[in-house]
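Under this note's numbering, residues 2 to 144 are what the sequence shown spells out, in order. For each residue, glycine too, the CB sits at the ideal point set by N, CA and C. Small disclaimer: the values here were computed from a predicted structure and weren't measured. Remarks on the structure that follows.
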Amino acid sequence: MIGMPLYADQFKNVDASVARKIAVKLDVHKMTEEDMDAALNVILHNPRYLENMRNLSQRFHDQPLRPINTANYWIEYVIKYGDDVLRSPAMDLAWWQIYLIDVAAYLLICVAAIITLAMFIVRFMMKMINRNHHRLLQSKKTN
2 MIGMPLYADQ
12 FKNVDASVAR
22 KIAVKLDVHK
32 MTEEDMDAAL
42 NVILHNPRYL
52 ENMRNLSQRF
62 HDQPLRPINT
72 ANYWIEYVIK
82 YGDDVLRSPA
92 MDLAWWQIYL
102 IDVAAYLLIC
112 VAAIITLAMF
122 IVRFMMKMIN
132 RNHHRLLQSK
142 KTN
């Protein structure tokens, strides 16, 4: 497989395929004819890519039930137990939890606390510096 990501999650998907050694990545904006030719040669003539793709295909198709049997199982399950068992608890969240306002408020409070603490420390240090500076000036005046 030759991957040429263009948008959004395609970059991550192509990188994952390259990591699995089932793909070669090409940059669409910098691609030349030689790059495409080299990628095709690697994919077509390196048996590692074919073996890895066959292995991935075999793992994908090795399922305990055929898809029609899986669908049949879940339909019968819902008929037997009702659809409430499949209902996500996320459906019961309040609007402020859905939009993570509680998390944002917590983070905002933490940032405000850190900034306030930093300001107090800076003020304290400035007072200490001014006191020492004032004492130094007083000692120079007396001498």
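Assignment of alpha helix (DSSP H) within the region 81-139, counting only whole runs of 4 or more residues, yields 96-99 in chain order.
In this structure, DSSP gives Ile76 a helical state, which the three-state scheme calls helix. Ser18 and Val86 have their C-alpha atoms spaced approximately 36 Å apart.
Contact annotation: Val25 and Ile3 have beta-carbon atoms nearer than 9 Å.
Cβ-Cβ distances below 6 Å link Val43 to Val25 in the same chain, with the five nearest sequence neighbours on each side left out; the list follows chain order. Where Leu57 is concerned, the enclosing alpha helix (DSSP H) starts and stops at Pro48 to His62.
CA-to-CA, the gap between Thr117 and Gln98 works out to about 27 Å.
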